[in-house]
Amino acid sequence: MALRTLGTSTLQVSPLAFGGNVFGWTVDENTSFSLLDALADTGINFIDTADVYSAWVPGNSGGESETIVGKWLKRSGKREQVVIATKVGLLAARAGLTKDNILKAADDSLRRLQTDYIDLYFSHRDLADTAPLEETLGAYQALIDAGKVRIIGASNYSGARLREAADISRRDGLPAYQVIQPEYNLIDRAGYEHDLEPVVRDLKLGVVNYYALASGFLSGKYRSEADLKKSVRGDRVAGYLDARGLRILAALDAVSAKHGTQPAAIALAWQIARPTITAPIASATSLAQLESLGEAIRVQLDQDDIRVIDEASAT
Numbered sequence: 001m002a003l004r005t006l007g008t009s010t011l012q013v014s015p016l017a018f019g020g021n022v023f024g025w026t027v028d029e030n031t032s033f034s035l036l037d038a039l040a041d042t043g044i045n046f047i048d049t050a051d052v053y054s055a056w057v058p059g060n061s062g063g064e065s066e067t068i069v070g071k072w073l074k075r076s077g078k079r080e081q082v083v084i085a086t087k088v089g090l091l092a093a094r095a096g097l098t099k100d101n102i103l104k105a106a107d108d109s110l111r112r113l114q115t116d117y118i119d120l121y122f123s124h125r126d127l128a129d130t131a132p133l134e135e136t137l138g139a140y141q142a143l144i145d146a147g148k149v150r151i152i153g154a155s156n157y158s159g160a161r162l163r164e165a166a167d168i169s170r171r172d173g174l175p176a177y178q179v180i181q182p183e184y185n186l187i188d189r190a191g192y193e194h195d196l197e198p199v200v201r202d203l204k205l206g207v208v209n210y211y212a213l214a215s216g217f218l219s220g221k222y223r224s225e226a227d228l229k230k231s232v233r234g235d236r237v238a239g240y241l242d243a244r245g246l247r248i249l250a251a252l253d254a255v256s257a258k259h260g261t262q263p264a265a266i267a268l269a270w271q272i273a274r275p276t277i278t279a280p281i282a283s284a285t286s287l288a289q290l291e292s293l294g295e296a297i298r299v300q301l302d303q304d305d306i307r308v309i310d311e312a313s314a315t
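Residue 143 in full-length UniProt numbering sits at position 143 of the sequence shown, with consecutive numbering throughout.
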């Protein structure tokens with residue numbers, strides 16, 4: 001499996017990232033350890049998490065995902081074999097992108113992750129009302145200078161704000177965002193392709209997109225109202241269960257049958273095949289689901305496959 005470069009950095013990652021939002025939410029600690037142990041066999045060396053994961057779960061306060069990853073890193077001794085991405089800005093106790101907050105949040109994340117450096121540190125959202133870009137990028141400069149962060153990224157930023165940040169980085173000699181994390185999948189294509197993809201090409205950014213399986217809809221497990229009621233994510237995907245959504249599932253069914261794999265693997269393989277995508281983020285809650293992620297890396301779509309999927313997902 002060929003690794004891919006994150007932006008213009010020297011970081012080399014698998015063409016798929018594992019989404020750590022499930023740790024401490026839909027999978028417990030022991031299951032999380034089993035999934036993390038199996039990542040290498042699947043061909044994934046890239047783990048995405050955030051300080052706010054999983055504060056939405058009753059009884060949680062945030063940091064649970066990072067804590068589980070940190071325990072696993074210490075137990076496995078595999079810190080040098082994986083690339084860790086985490087984020088700052090949305091945790092209630094460490095909200096915003098001021099310099100003081102970023103520096104404190106980074107130290108909190110490092111402690112939970114039980115490591116002395118973060119490979120990729122994201123601004124979790126464009127919180128322009130909390131600090132100017134100059135202050136935020138200056139905070140990242142301090143972290144990079146201290147060896148606590150290797151490169152930085154921007155999650156949920158518009159194309160215009162990414163260009164503005166790049167201009168400030170050049171003007172002031174500050175670190176530049178090298179990676180973005182937008183929402184992108186076969187259901188939600190327009191926002192990335194129209195606004196962000198031109199910026200990605202111009203600035204040579206890496207792209208690590210979330211909701212790659214549209215909250216599980218593209219796995220094919222939601223095909224009726226009854227299916228929606230069986231999952232904690234059912235309400236989130238209800239809007240996808242329309243004529244276009246079913247057309248996309250039919251295309252994934254056809255292509256997955258041709259390749260002898262699952263619809264989720266094909267949905268991810270389609271993204272992996274896009275020239276501007278570095279690594280989609282996808283999660284698993286079982287070893288069987290994780291194996292399907294590995295199939296997404298291995299399957300090779302031909303032009304006919306891509307055409308069928310493109311036509312079904314056209315807006």
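Just so you know, even glycine gets a beta-carbon here, dropped at the ideal spot from N, CA and C.
Taking C-beta separations shorter than 8 angstroms and ignoring five residues to either side along the sequence, the partners of L39 in its chain run F18, N45, I47, V82 and L290, following chain order.
Residue pairing of S155 in beta bridges, as defined by DSSP: Q181. Counting along the chain, the unbroken alpha helix (DSSP H) around Y140 starts and ends at L133 to D145. Sixteen is the threshold: when 16 or more other Cβ atoms of the shown chains lie within 10 Å of the Cβ of K148, as they do, the residue is buried.
Under the three-state reduction of DSSP output, I47 falls in the strand class. A residue is called buried when at least 16 other Cβ atoms come within 10 angstroms of its Cβ; E197 meets this threshold and is buried. Beta-bridge partners assigned by DSSP to S123: V88 and A154.
For G245, the enclosing alpha helix (DSSP H) begins and ends at A243 to H259.
Here the alpha carbon of R4 sits roughly 25 angstroms from the alpha carbon of F33. With respect to the 8 angstroms criterion, D51 and V88 are classified as neighbours on the basis of their beta carbons.
Rounded to the nearest whole angstrom, the C-alpha separation of P182 and N156 is 5 angstroms. Residues of the same chain with a CB within less than 6 angstroms of the CB of Q262, apart from the 5 flanking positions on each side, are S256 and S292 in chain order. For F18, the enclosing beta strand (DSSP E) stretches over residues A17 to G19. Apart from sequence neighbours up to five positions away, the residues of its chain that approach E64 with a beta-carbon distance below 6 angstroms are G24 and S54, ordered along the chain.
Residue state for T5 is assigned as strand, using DSSP reduced to three classes.
Its chain contains L16, A17, F18, G19, A212, L213, A264, L268, L293 and A296 as the residues whose beta carbon lies nearer than 8 angstroms to that of A282, once the 5 sequence neighbours on both sides are disregarded; these appear in chain order. Of the other Cβ atoms in all chains shown, fewer than 16 fall within 10 Å of the Cβ of R201; this residue is therefore exposed. At least 8 angstroms separates the beta-carbon of Y184 from that of G153. Straight-line spacing of the CA atoms in P280 and D172 works out to 32 angstroms.
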